[in-house]
Amino acid sequence: MEDPSLFSNTQDYDIALTTFSPEGRLFQVEYANEAVRKGTPILGIRCSDGVILTAALRKHSLQEPNHNDKIFTIDESIGIAIAGLSGDARSLVRYARELAQINRLTFDESISVKTLSKKLSDHIQSYTQQGGTRPYGVSFLIIGVDSTPQLYLTTPIGGFWSYKAHAVGMGANQMNTVLEKEYSPLLKVDEALNLAIRIHKETASTPLHPEGIVAAKITTVDKKFEQVDKKTIQQILDSS
Amino acid sequence: MEDPSLFSNTQDYDIALTTFSPEGRLFQVEYANEAVRKGTPILGIRCSDGVILTAALRKHSLQEPNHNDKIFTIDESIGIAIAGLSGDARSLVRYARELAQINRLTFDESISVKTLSKKLSDHIQSYTQQGGTRPYGVSFLIIGVDSTPQLYLTTPIGGFWSYKAHAVGMGANQMNTVLEKEYSPLLKVDEALNLAIRIHKETASTPLHPEGIVAAKITTVDKKFEQVDKKTIQQILDSS
Amino acid sequence: MEDPSLFSNTQDYDIALTTFSPEGRLFQVEYANEAVRKGTPILGIRCSDGVILTAALRKHSLQEPNHNDKIFTIDESIGIAIAGLSGDARSLVRYARELAQINRLTFDESISVKTLSKKLSDHIQSYTQQGGTRPYGVSFLIIGVDSTPQLYLTTPIGGFWSYKAHAVGMGANQMNTVLEKEYSPLLKVDEALNLAIRIHKETASTPLHPEGIVAAKITTVDKKFEQVDKKTIQQILDSS
Amino acid sequence: MEDPSLFSNTQDYDIALTTFSPEGRLFQVEYANEAVRKGTPILGIRCSDGVILTAALRKHSLQEPNHNDKIFTIDESIGIAIAGLSGDARSLVRYARELAQINRLTFDESISVKTLSKKLSDHIQSYTQQGGTRPYGVSFLIIGVDSTPQLYLTTPIGGFWSYKAHAVGMGANQMNTVLEKEYSPLLKVDEALNLAIRIHKETASTPLHPEGIVAAKITTVDKKFEQVDKKTIQQILDSS
Amino acid sequence: MEDPSLFSNTQDYDIALTTFSPEGRLFQVEYANEAVRKGTPILGIRCSDGVILTAALRKHSLQEPNHNDKIFTIDESIGIAIAGLSGDARSLVRYARELAQINRLTFDESISVKTLSKKLSDHIQSYTQQGGTRPYGVSFLIIGVDSTPQLYLTTPIGGFWSYKAHAVGMGANQMNTVLEKEYSPLLKVDEALNLAIRIHKETASTPLHPEGIVAAKITTVDKKFEQVDKKTIQQILDSS
Amino acid sequence: MEDPSLFSNTQDYDIALTTFSPEGRLFQVEYANEAVRKGTPILGIRCSDGVILTAALRKHSLQEPNHNDKIFTIDESIGIAIAGLSGDARSLVRYARELAQINRLTFDESISVKTLSKKLSDHIQSYTQQGGTRPYGVSFLIIGVDSTPQLYLTTPIGGFWSYKAHAVGMGANQMNTVLEKEYSPLLKVDEALNLAIRIHKETASTPLHPEGIVAAKITTVDKKFEQVDKKTIQQILDSS
Amino acid sequence: MEDPSLFSNTQDYDIALTTFSPEGRLFQVEYANEAVRKGTPILGIRCSDGVILTAALRKHSLQEPNHNDKIFTIDESIGIAIAGLSGDARSLVRYARELAQINRLTFDESISVKTLSKKLSDHIQSYTQQGGTRPYGVSFLIIGVDSTPQLYLTTPIGGFWSYKAHAVGMGANQMNTVLEKEYSPLLKVDEALNLAIRIHKETASTPLHPEGIVAAKITTVDKKFEQVDKKTIQQILDSS
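Have a look at this one:
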C-alpha cells in the first residue's frame, strides 16, 4: 500500500474539470505541459534554405528500430514532430491532415503553416474550456515552406508561436540554451541537421545510436517534406 | 513531490462550476481576472483625433519578432488588444469578427464599438452562468472610430466600460496611475503613442526593445485601423 | 500563497448547485443577494404625479462619465435600475425588453409593470431550481405608469414586491431608514428627485459629483420614461 | 470572514441531489420543509357552510399594502394559500391553474379539490426523485367546494392530506393547538373567519394591522372563491 | 447551529448515486428501506377463502378521518397496501394501474398478482441501477385472487416474495412474530381480519381507534377487492 | 446516530463511477462480487449424461415455499441459477431469454451455452465501463446440453468460464473444496444431484429442509431443462 | 470493517475522470496498466519464417481446460493475445474483427497489422480523453503476416509499438530480460515456440502443465493464423 498522504492528494487532480486556480492558472493545462516536458525531445531549426526537425526515440532493446511515432507528414510541404502522449498526438495529426486536405480541395493549394498552426491551436484550446474532457497532453513543432521557411510551436493551452529554432520535451531547457548560442539565420539545412543532432547527442543521458533519432527536412528548392535516411544520421553522429 | 498542504487546496478550484461565494463573489471569474492581470500589459488612449492601442510582447530569444498575438483587426475601423490567455482570446476574436461581418451584411456599415463591446460581453457573461464550461481568461481593449473615437474595456465577468485611457495586464495599476496624471483629452494620436510607449518603457521590468512592443492606431480622418510600423516605435523608444 | 484555511472554505461554494441548507435557506441565492448588496445603490420613489429612479455610478478617474450601466429603458413607459452584476443584469434586461415587445405585438399596448415584474421573477426563480446554472446576482427596481405610478422590486430568489419607495445596494439600509422618515405619498416628481439625490449625497462615502449619479423619471402626464439630464442633477446637488 | 467551522458545513447541503440518509430521510426535502416553517403563517378552516383561508403578510414599512403574494385564485371555486418561498409557489400556482383549465376544457366542470391536490402533489413528488433539480420549498392549503367544502394540505415531499382545519408556517404549532381546542364542525364561515383572525392576532409576535393579514372564503351557496375585503378584516380585528 | 460533527456526515449520503459499498451493499437502497421501516405498518394474510390487508393510519387530530393514503385498488380483483413515502407510492400505484389496464386490454383478463408484482419490481429495480435518480422509498403488499388467493411483498431493491402472511413498517418485527405463532392456512377472511386488527391493536404504541386503521379484503367467491367498512372495524376493535 | 468514523467512509463508495484503483482493480466490481459472495449458494455439476444445478433458498417462516427466485428456464435446453441481487438477476434473465429467442427465430435452433454466456458477459462488461450506472451484483451458473453437457459461470466484471463443477455464493469456498475432492467426470445426473444436495447439507449453517433447496437438471437424452420435484429432493435429503 | 485509513484513499480513484496529475501523468491509465501487469503473461516472437504467440492460462482445478480466453483470431492472417481484463478485451476483439471485415469488404484484402494496431489504439486513446467512461484495462500483442511477419503491442494509453519479441503481464520484466538475451532474428517458428514455452516454464511460480498454456503461430508460407495443438505443447514442455 502506498503512502496515504500521497493518496489524499491524488483526489485533487483526478476529479477535475479544467478550471482556474486562485492564481489564474489552468492547472489541468499545466499538468498536460508536464506530459510534454517528459516526452522525448524534439527540435526544429529554420534555415536560410529550408527548415528541419529532429526527434529522439525512446526504444526498448527489442522494439522495431524503424517504427517512428515522433515525426509525421501532414501535407506534401508540411511536417510535424510531437512531444508528449503519442495517442493524443495521433488524434491531432488526423485533425491536421484533414485541415490540410480541406484546404487543398477548397483552394487547390497547400495550407499555410501559420493557418494550420492557428486552426490546430483553436481546436486544442476548446479542450481546455469545455467540460467532459481533458486537455491534449502534447506539443507540436510544425515545419513547412510556403513563401518562406516556417517553424511553429503549439502548446496544450492552445497557444502557438513562430520560432527561429526551438526544442520541446525532456532536456529542452538545455537544448534551447545551446540553440540560443549557436543559432544563426545563415545556417543551411545540412548545417542545421548537424547542429540539431549534435545537440541531441550532447544532451542525451545515454549514448545516442542512429536508431535513437529521426530527422526530417524541407528545402525552399523542392518544398517537399521528407525524412532523413538513417545513413545520413549515422554519418552525422560519427562526425560530431 | 510538492507540499501536500498545497495540494489539498488545489481541489478547491479544480472541481468548480462558476458559483457564488458567501461574499457574493464569483470566484472562477476572479481567478480568470488573475490570468488577465498576469498577461503582458496593453494600453489604450482616446485622443482628440483618433485612438491608439499598445501592447507589450513577451518573447523568448529565438521567437519570431514579427509574430503578433496581442493586437487584432476586427473590422476596417475597429481593432482589439488582448490581455490574458491568447487561446481564449482567439476564440473571442473569431466571435467579434463574425459580429462585425454580420453587421456589415445586414446594415452595410461598420458595427459601433459600443454595440460590439456589449455583444462580446453578453457572450462572455454567459460563460460565467452556465455549467460545463469555465469563464474566459481574457480582457479586451477595443478601439474604433464611429461618430467619435471610442475605447472600451471588456472583462471576464461580462462587464464593459468606456474609457478615456486605460491599461490592463501586468503592471496595469502603475500604468493607470501615470495615465491619470498625464492624460489630456487634447492629446493627438502621435502624442498618445509617445505617452503610451513611454509608460511601457518606464514600467517594464527589463529594458524595452522595439520587438517587445506593438502598437496600432485609428484616426478620425481615414477611420482605418492600422498597425504602427517598427521604425516609428523604434524612434519613439529612442527619443523617450 | 494565500492562507490555506481560507482555501479549504472556497470548496464549499465553488461546487454547488442551488440546494437547501438544513435551515431551509437557498445558500447560492443568499450569496447572490450579497452581490446585490455590494452593488452601487439604486433608489425609487413613487409620487403623486409619477415615479422616479436614481442610481449611483462607480467610476474610475478615466472612465467615460456618460457611460450608463445602471438605468435602462424597457418600454416607452417602463424603466429599470439595476443593483448587482451588470453582466447578469444585461441578460435580464434583454429578456424584459422581449416581454415588453411581445405584449405590444400581441395586445397593442404596454405591458403592465406588475405583469413584467412577475414574468421576470418567474424567469429568475427558474435559475434557482434547475441544475447546471447559478442564480442571477442582480436586483431590479422597475418603474412605470399604467393606471397609476408603479414601483416594483425583484430579487435573486424570484420574489417581487410593490413599494412606495425603496433602495437596494450598498448602503441601502441607511437609505431606507431615511426614506421611511421622509416619504410622503404627496411627493411630486421633482421633490422626489430632490429627496433621492439628497439621500445619495448623505449616504455616499465620498463626495458626490454629478457624474456619480444618474436619474430617470416618468410622469402621469406623458407616461414617457426619460433620463434626467446632468444639469438638473447638478442643480439639485448644488442646492441640497 | 465568517467562522470557518461553519463553512466546512455548508458543503454538506450545497452539493446535494435529493437522496436518502441512513435514517431513510430525504434531507433536501426536510430542509425544504424548513423554508415552509419559516414562511408567514397560513390557516384554513372547513365550515358547515363553506371554507376559509387566512394568511399573514410580512411587510416592510414602505411596501405596498395591497400586494398579495399569499392567496391565489385557481378556479372559480378553488383557491390556494401558500407558505414558503413565493417564487416556488408561483411556479406551482401556474401549474395548478393549467390543471384546472384542462379539466374545464375536457369535462366542462371544475376540477375536484382532491384531484387537484393529488396531481399537484404528484408533480411536487417528481422533484424529490429526479436529479438536476431541488424540491419545492412551499406548502399549499387548497380550499374549494365541490360536493362538500374541502380543505387540503400539500407538502414538499409530495404528500397531501384532507383537514378539517390546519395552519402552516411560522408559529403553526401554536396555531394548530388553538384550532384543536376551538374547532367545531358547526362553525359558520363568518365564525371561522373570526376564529382564524383571532388566532393570527394571538400568535403574532407584533401587533396585527389589517394590512398584515389577507383572507378568502367560499360558501356552499354560491361556490365562488373570493377575497375578504379589508374593512371586514378590520372589523374582526377590532372586535377580537 | 446544529452539531458540526453531524453535518460532516450528511455529506456522505447527500451526494450519492446508488453504488456498492465494499461489503457489496447498496446503501441508498438500505436507506430507502429505513423509510419503509418508519412508515405506519401494513399487514396481509392469505386465507383459505380469500386474502386481506390492513393498514394503520397516522392522523393529526384535525385531519380528515376518511382520507386513505394506505390502501389502493389496482384492478377489480387486485389491491395494494403501502408502507413508506406516500408520494413515492402514488407514483408506483399509477404504474401498477397502467400495467393492469394494459393486461385487460391485451388479454381481456385481470393481470396475475405474480406478474404484476414482478413487473412492478422490475421497474423498482431499474431505479437502483441508473444514475440521476434515487430508489423508491416504499414497499407494497399486493393481494388478489386469480387461481388462488395471493399475497406478495415488493421491496425497494426490486425484490418480490410470495407470503402466507406478512407485516411491513413500524413494529413489523413484533407483528411478524405474532403472525408466525397464530397463522394458520385454515383461517377464514373474517378470522384473518380479526387477527390482523388485534395485532395492530396490541403492537400500537397508543390506543387504536377505528379511524386509525383501514382494511380491505377479497374472497374467492366474488373475487372483488373491497374496503372493509368502519362499522365492521369498530366491532372487531370492540370485541378484541 | 451511528459512528461518525463509519460515515466518513461511506462517502468513498457512494459517489463512485466504476474506475481503476492504483492497483488496477475496479472497486465497484469487486464490491459487486461481495453481493454475489453473500447470496445464497448455487452449485452446478457437469455429468457424463447431463448437467445439474442446485440452489439454496433463504426463507422467512411465512414465505411461500414454492416461490423460486434462484433457478430460471432460459430456453428449452438451457437454465440458469443466480447468486446475488435477485432484482439485478431478473433484469439479466430477461436479456438472456431475448438472446435465446432471437437465436431461435434467426437460426431455428437453440443458442449454444457458450454463445449465450459470452453475449451475457459482454452485456455485463459494458456496465463496468460506462458512466451513469453501476455493475450488476450477480453471478450466473448456466447449464445446457448442445453437442455436450455445458456448465458456465458469469461474473460481475464480465468474465465467463467453463467449469466441470462449481459453486458460487455464501460458503462457496468450502463447497468448491468438497467438489474438487469428490468430482468425477463419470458422475451420472442422479449421483451429481446426490452429491450437490449433500454438499448443501454439510455446508449449511442451519439444518436443511426440502423447502430450503431447489434443483434442476438436463440430460443428454431429452435435452430438456427441468426442475427437480420436491419429493426427490426430500428423498435425497433423507438418505444423505 | 476494514481499515478506515484505507477507505479514505479509495475515494481518490473511485470518483475520477481520466485527468492529468501535477506530474503530467494520466492516473486512470496508469492504474489500467496495473490491471495489465497483473494479467497472466503473454509473449510474442517474430521469426524469420513467421511469428508466434503464447499465453499462460490461470485455471481453477475444475475449470474446463480447453476454454481459451487469451488468444483470438481476428482475420485469416491476424491473431491477438490479451493481457488484463478479459471482459474489456472481448469488447476490443469485437472492434478489431469489425475493422478487419470492413477492410476485407472495402479493399478485398487483409488489413495490415500496423493499420489494425493504429486504429485499435486510436479507439483506445479516445477512452482516455472523454468523460463518462474509463480506460480499457488490457494490452494486446497482435501478430500477422502481410509483406513480412509483424508483431505489435497496444497499451491502455493508446500507444502502439512494433517489436521483435515482447512479453506483457505478470512476470513480463523477467521474461523480457530472457528474450533480450536469447532472441535472434534467425529464429524459426518452431524454435521460437520452444523458446517462448521455456520462458513461460522458467518464470511460472508453479509447475507448468500443458493445460496452463496456449500458443498460436502464423508462417510466411501459408499466412494462416492457427492455434498450436496441445500435443505439440506437451512435447515442448517435456523436452524443455
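Protein chains in written order, with our numbering: chain A, 1215 to 1454; chain B, 1215 to 1454; chain C, 1215 to 1454; chain D, 1215 to 1454; chain E, 1215 to 1454; chain F, 1215 to 1454; chain G, 1215 to 1454.
The beta carbon of each residue, even a glycine, is placed where N, CA and C say it ideally should be.
Asked, Found
"For Pro-1399 (chain D) and Lys-1328 (chain D), what's the separation of their Cα atoms in angstroms?", "19 Å"
"Restricting to Cα atoms, I'd like to know which of F:Val-1359, F:Ala-1429, F:Ile-1427 and F:Thr-1417 is closest to Val-1435 (chain F).", "F:Val-1359"
"With burial defined as no fewer than 16 other Cβ atoms inside 10 Å of the residue's Cβ, what is the status of Gln-1343 (chain F): buried or exposed?", "buried"
"At the level of alpha carbons, what is the spacing between Glu-1216 (chain C) and Arg-1348 (chain A)?", "Residue placement at Glu-1216 (chain C) is poorly supported in this model, since its pLDDT is 31, which falls under 50; the coordinates are not used for a value here."
"Name the one or two DSSP bridge partners that Thr-1287 (chain D) has.", "D:Gly-1293"
"Going by CA-CA distance only, name the one from E:Phe-1354, E:Pro-1370, E:Gln-1388 and E:Asp-1322 that's closest to Tyr-1377 (chain E).", "E:Phe-1354"
"Going along chain B, which residues have a C-beta under 8 Å from Leu-1393 (chain A)?", "Leu-1276"
"8 Å is my cut-off, CB to CB: does Lys-1273 (chain G) come that close to chain A?", "no"
"Is Ile-1292 (chain A) buried or exposed, if buried means 16 or more other CB atoms sit within 10 Å of its CB?", "buried"
"At a CB-CB cut-off below 7 Å, which residues of chain C make contact with Gly-1351 (chain D)?", "Phe-1234 and Gly-1238"
"Cα separation between Arg-1304 (chain B) and Asp-1336 (chain A)?", "7 Å"
"Which residues in chain F sit within 7 Å of Lys-1378 (chain E), going by Cβ to Cβ distance?", "Leu-1276 and Glu-1278"
"Rounded C-beta distance between Ala-1430 (chain B) and Leu-1330 (chain B)? I'm assuming under 8 Å.", "At roughly 16 Å, the Cβ-Cβ gap does not stay under 8 Å, so Ala-1430 (chain B) and Leu-1330 (chain B) are not in contact."
"For Ile-1294 (chain A), which residues from the same chain have a beta carbon less than 6 Å from its beta carbon, with the 5 sequence-adjacent residues on both sides left out?", "Phe-1286, Ile-1288, Phe-1354 and Ile-1356"
"Between the Cα of Ser-1453 (chain C) and those of C:His-1423, C:Gln-1441, C:Lys-1438 and C:Phe-1439, spot the shortest distance and give me the residue it belongs to.", "C:His-1423"
"Taking Cβ-Cβ distances shorter than 7 Å, what residues in chain E pair up with Lys-1252 (chain F)?", "Gly-1238"
"Is the beta carbon of Thr-1368 (chain F) closer than 8 Å to that of Ile-1338 (chain F)?", "yes"
"Going by DSSP, what residue range makes up the beta strand (DSSP E) through Ile-1356 (chain D)?", "1352 to 1359"
"Hey, Gly-1351 (chain B) and Leu-1299 (chain B): beta-carbon distance below 8 Å or not?", "yes"
"Starting from the C-beta of Asp-1226 (chain F), find all residues in its chain whose C-beta is less than 7 Å away, skip the five residues before and the five after it, and write them out in chain order.", "Low per-residue confidence applies at Asp-1226 (chain F): pLDDT is 33, beneath 50, and the placement is therefore not dependable enough to give any value."
"So the alpha helix (DSSP H) His-1414 (chain F) belongs to, where does it begin and stop?", "1403 to 1417"
"Below 8 Å on the Cβ atoms is my contact criterion, and I expect Phe-1374 (chain E) with Lys-1332 (chain E) to pass it. Report the Cβ-Cβ distance as a whole number of Å.", "6 Å"
"Measuring alpha carbon to alpha carbon, tell me which residue in B:Gln-1388, B:Asp-1404 and B:Leu-1401 is nearest His-1414 (chain B).", "B:Gln-1388"
"Could you tell me the alpha carbon to alpha carbon distance between Leu-1306 (chain B) and Thr-1232 (chain B), rounded to whole angstroms?", "19 Å"
"Hey, is Phe-1234 (chain F) close to the ligand COA, as in C-beta under 7 Å from one of its heavy atoms?", "Here there are no bound small molecules, and the ligand COA is not part of this structure."
"List the whole-angstrom C-beta distance separating Thr-1420 (chain F) from Gly-1385 (chain F), where the pair is believed to meet the contact cut-off of C-beta under 8 Å.", "The pair is not a contact, with the Cβ atoms about 12 Å apart (cut-off 8 Å)."
"Return no unless some Cβ of chain F is closer than 8 Å to the Cβ of Thr-1373 (chain E).", "Note on identity: in this sequence residue 1373 (chain E) is Gly, with Thr being the wrong assignment. With 8 Å as the cut-off, Gly-1373 (chain E) counts as an interface residue toward chain F."
"Measure from the C-beta of Thr-1434 (chain A) to each C-beta in chain B and report whether the shortest distance is under 8 Å.", "no"
"Check the Cβ of Gly-1346 (chain G) against every Cβ in chain A and list those closer than 9 Å, keeping chain order.", "Gly-1346"
"Considering only their Cβ atoms, is the gap separating Val-1265 (chain D) from Pro-1370 (chain D) smaller than 8 Å?", "no"
"Could you tell me whether the Cβ of Thr-1342 (chain F) comes closer than 8 Å to any Cβ of chain G?", "yes"
"Can you tell me whether Ser-1453 (chain C) is helix, strand or coil according to DSSP?", "helix"
"Using a Cβ-Cβ cut-off of 8 Å (strictly less than) and excluding sequence neighbours within five positions of Glu-1290 (chain D), which residues of its own chain qualify?", "Ser-1324, Lys-1437, Lys-1438 and Phe-1439"
"Please decide whether Tyr-1309 (chain F) counts as near chain G, where near means a Cβ-Cβ distance under 8 Å.", "no"
"May I have the straight-line CA-CA distance separating Glu-1312 (chain C) from Asn-1247 (chain D), to the nearest angstrom?", "36 Å"
"Which of helix, strand or coil does DSSP assign to Phe-1321 (chain A)?", "helix"
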